[in-house]
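Novice: Residue numbers (full-length UniProt numbering): 1 to 635. Note that CB positions come from ideal geometry on N, CA and C, so glycine has one too. Take this structure, written in structure tokens, and hold onto it; I'll ask about it next.
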Amino acid sequence: MPRTNSLRRRTRYWFDRTMSKGTPALVGWLAIASLAVVLVGGVLAWTAERLVPEKHPDENEPKGLLASLWQAVLHAMDPGTVAGDTGHWWYIAIAFLITIGGILIVTAFIGVLTTGLDAKLADLRKGRSDVLEQGHTVILGWSDQVFTVISELAEANANQRRAAIAILADRDKVEMEDEIRAKVPDVGRMRVVCRTGDPVDPDDITIVNPAEAKAVVILPSTEPNPDAQLVRTLLAVGKARENSAAPCPVVGCVSESKNLAAARLAGGPSAYLIDANDIAARLIVQTCRQSGLSVVYTDLLDFGGDEVYLKEEPALVGYTYADALHAYRTSSIIGILGGDGRIAINPDSRVRIQPGDRLIAISEDDDTVVLSPTGPAPVDRSAITAIPNSPPTKERTLILGWNARATGVLTQLDQYVSAGSEAQVVASHPDAGPAMRKLAVLNLLLDFKAEDSSDRSVLESLRVQDFDHVIVLCGDDVDPQLADSRTLATLLQLRDMEQKLGDRFSIVSEMADDRNRALAQVTQADDFIVSDKLLTLMMTQVSENPHLATLFDDLFDADGCEIYLKPAGRYVRPGMPINYQTVVEAARAKGESAIGYRVAAQSLVPPTYGIVLNPDKAAPLTIRPGDSVVVLAED
């Protein structure tokens, strides 16, 4: 049966709709009520004065209507006005009622404004307003890695006046801001803007204005399937900036190599994706064979020390790569980015620099990549030795523990070692045995023991001193802090065994949390790999300079040029006073590019552990036995 819409129902419905519009509607109704009180009260007061004019002996004649209305306004706005009223009690009563009405309206008005202000503040707290920044960096998602990204971007953009970061995450805006202030107290002049939203929703992503951003960084999700979240976020970013004329680079990382192709399809040509497990495995393998390498990578990847820059140098066009190696006193040249976009790391020293080529340099800042004003420093050729590299030998590697990167570690290790080398895995992880049986390797002889790698009796039975390298992997089947605790216990056991045996062996350990590195230093392990931090540093570098993605792929590839720490005695004579330019020339003669050296006497002294990157080429230097030269080389 149709409902009868009476005038009363329609009026009430209209009133409800008006009131639902919020604070502006309420203020409007209060304004109408105020006007009604003033008009009605003013007219009544004017009428009362007309009816009994004899009660106003101080006035020659009663007030006019406008004067009465003005008095009504004063009574409504200022309750104290009623204290000065005189005249007939009708007039005083009407004035009193106007005052009461004014008090009620003003009180309601204050309440409405307070409620509206609270609602607006609550709305601002939600972080749903649009970001109007341009040339900023967008961060999608939230994890502990966000603090590293913010800190590094603040360092990288310290000389920029209008640098900004816009963060979109499914978290409370104020909570995000509080955490950032607590963990990254100094961001310099950089503005950090937080917004609340779903990183897989294109409409939410538009809040942080990705169409006009310099770069978009997608942080790994903490969900069980982070790669699925990454693919959805990449698709959402593409949708959110589909009308952008020049899409900025989008940087992210996949946790499993099998998902890399799908992620690249979702991200398109502007996406730069890092294979997290693959890179972490390569880092572990390279570092286990060369103690101190993680310090080199950390120094290159963070913005606090020396990092990689690109520099076009017209003055060197027509000169060789060898000339470029010596031309910069405070920068180390490691390659050439051709005008066609191809990168050549450690090219042949006879390669000539062409117009449009850019040199790849390691330097303190982009403005420190400058030619030496006094020309190349002199080279002491009498100090250069011609000792060849040692031939490859069979190696024995012990891997303690297991995680998702373990198979990648073994696969990468197989590419580095000579045929007949051995790798023994000791782990109690249920996935270790089946994964080992499926693994296909060419050079390694694999052995597996299903034992607790932190058990002292198990460690003693392994004869750890007979292995060339020991890798302690951090478990991924438990909480990261518990996993690091187990790793620390294993390291302490190994160092205690080492002291009792009197035979030092190389130990490289993986840590889940960088905050535990300080605790781990007491174990005196040769190196620590904090995979998540290094991957975060790499993502930040690529977001600032996308060309570095190809460089990193080459550096971590067993078939490309890599960073090595080689005995310094193979380059220059120990004990002879020289300069670093002589070391650079000695490395060039071997087809390598020197980028620094390591002082053996300081190898256990944090934070650099004896590593000196990109030293002044004219600075005096005396190589001691045990020191190493850090070079880029094929092998």
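Does the distance from the C-beta atom of Met176 to that of Ala169 stay below 9 Å?
Specialist: For Met176 and Ala169, yes; Cβs fall inside 9 Å.
Novice: Is the closest heavy atom of the ligand HEM to the C-beta of Met538 under 8 Å?
Specialist: With respect to the ligand HEM, the structure shown offers nothing to examine, as it has no ligands at all.
Novice: What did DSSP end up calling residue 636 once you bin it into helix, strand or coil?
Specialist: Not covered by the structure: residue 636. The range shown for the chain is 1 to 635.
Novice: If you count every other CB in all the chains shown that lies within 10 Å of the CB of Tyr319, and 16 or more means buried, which is it?
Specialist: So Tyr319 counts as exposed.
Novice: Who are the near neighbours of Thr287 in its chain, counting only those whose CB is closer than 7 Å to its CB and skipping five residues on each side?
Specialist: Excluding sequence neighbours, Thr287 sits near Leu293, Ser294, Val508, Asp527 and Ile529.
Novice: Helix, strand or coil, according to DSSP, for Asp627 in the structure here?
Specialist: In the structure shown, Asp627 sits in coil (DSSP, three-state: anything other than H, G, I, E or B).
Novice: Would you list the residues sitting across from Glu422 in a DSSP beta bridge?
Specialist: DSSP output for Glu422 lists Arg396 and Leu445 as bridge partner(s).
Novice: Taking the runs of the beta strand (DSSP E) that are 3 residues or longer, which of them lie wholly in the region 438 to 505?
Specialist: Entirely contained in the region 438 to 505, the beta strand (DSSP E) runs reaching 3 residues are, in chain order, 444 to 449 and 469 to 472.
Novice: Can you look up Ser390 in the DSSP assignment and give me helix, strand or coil?
Specialist: Residue state, collapsed to three classes: coil.
Novice: Report the rounded CA-to-CA distance for Ala119 versus Gly28, giving the unit in angstroms.
Specialist: Roughly 18 Å between the two C-alpha positions.
Novice: Please report the straight-line C-alpha distance between Ala276 and Lys533, rounded to a whole angstrom.
Specialist: Answer to the nearest angstrom: the Cα atoms are 11 Å apart.
Novice: Using the Cβ count rule (16 or more neighbours within 10 Å means buried), how would you classify Gln145?
Specialist: Burial call: buried.
Novice: So within the region 546 to 597, which uninterrupted alpha helix (DSSP H) runs reach at least 4 residues, ignoring any that extend past its ends?
Specialist: The qualifying runs are 548 to 555 and 580 to 589.
Novice: What is the rounded straight-line gap between the Cα of His56 and the Cα of Thr23?
Specialist: At His56 the pLDDT is 48, less than 50, meaning the model places this residue with poor confidence and gives no usable figure here.
Novice: Can you pull the DSSP bridge partners for Glu634?
Specialist: DSSP, once it has assigned bridges, lists no residue as partnering Glu634.
Novice: Quick one: is Pro199 buried, meaning 16 or more other Cβ sit within 10 Å of its Cβ, or exposed?
Specialist: With 16 or more Cβ atoms within 10 Å of its Cβ, Pro199 is classed as buried.
Novice: In chain order, what residues of the same chain have a beta carbon less than 6 Å from the beta carbon of Ala483, not counting five sequence neighbours either side?
Specialist: These residues qualify, in order along the chain: Cys474, Gly475 and Ala512.
Novice: For Ser453 and Thr490, I'd like the C-alpha separation in whole angstroms.
Specialist: C-alpha separation (whole angstroms): 7 Å.
Novice: Using 8 Å as the Cβ pair cut-off and three pairs as the minimum, do the region 364 to 373 and the region 566 to 581 touch?
Specialist: Result no; under three Cβ-Cβ pairs closer than 8 Å.
Novice: Suppose the cutoff is 7 Å on Cβ atoms and the five residues either side in sequence are ignored; what does the same chain contact list for Lys617 look like?
Specialist: Contacts found: Arg329, Ala377, Asn579, Tyr580, Gln581 and Val584.
Novice: What three-state label does DSSP hand Ile334 in the structure shown?
Specialist: It is a strand residue.
Novice: Could you tell me if Leu39 is buried or exposed, where buried requires 16 or more neighbouring beta carbons within 10 angstroms of its beta carbon?
Specialist: It is exposed - the Cβ of Leu39 has fewer than 16 other Cβ atoms within 10 Å.
Novice: Let me make sure I understand the geometry here. Which of Glu422, Ile384 and Ser418 has the alpha-carbon closest to that of Leu398?
Specialist: Of Glu422, Ile384 and Ser418, the residue nearest in Cα terms is Glu422.
Novice: How should Asp635 be labelled, buried or exposed, when 16 other C-beta atoms within 10 angstroms of its C-beta is the threshold for buried?
Specialist: With fewer than 16 Cβ atoms within 10 Å of its Cβ, Asp635 is classed as exposed.
Novice: How big is the Cα-Cα spacing for Asp323 and Asp357?
Specialist: Answer to the nearest angstrom: the Cα atoms are 15 Å apart.
Novice: Should Gly596 and Val630 be called a contact, given that it needs their Cβ atoms to be closer than 9 Å?
Specialist: Closer than 9 Å, so yes.
Novice: Note down the Cα distance separating Met538 from Ala619, rounded to an integer number of angstroms.
Specialist: Near 30 Å, if we compare the C-alpha coordinates of Ala619 and Met538.
Novice: Who are the near neighbours of Asn60 in its chain, counting only those whose CB is closer than 7 Å to its CB and skipping five residues on each side?
Specialist: Per-residue confidence for Asn60 stands at a pLDDT of 49, beneath the threshold of 50, marking its modelled position as unreliable; no derived number is given.
Novice: What residue from Glu212, Arg598, Pro314 and Ala164 has the CA that sits closest to Arg191's CA?
Specialist: Of Glu212, Arg598, Pro314 and Ala164, the residue nearest in Cα terms is Ala164.
Novice: Report all residues from its chain with a CB closer than 7 Å to the CB of Val254; omit the five preceding and five following residues, and keep chain order.
Specialist: Excluding sequence neighbours, Val254 sits near Asp227, Leu230, Leu260, Ala263, Leu273, Asp275 and Ala276.
Novice: Less than 9 Å between the C-beta atoms of Ile334 and Asn346, yes or no?
Specialist: Yes, Cβ-Cβ distance for Ile334 and Asn346 is below 9 Å.
Novice: Taking 9 Å as the threshold (C-beta atoms), are Val112 and Ser151 in contact?
Specialist: Contact flag unset, no.
Novice: Quick check on the DSSP output: the beta strand (DSSP E) that includes Pro620 runs from which residue to which?
Specialist: That run of the beta strand (DSSP E) goes Pro620 to Thr622.
Novice: Just the Cα atoms here: how many angstroms apart are Met1 and Gly116?
Specialist: Bear in mind that the predicted position of Met1 carries a pLDDT of just 46, short of 50, making it unreliable; the figure below should be weighed with that in mind. Straight-line Cα distance between these residues: approximately 41 Å.
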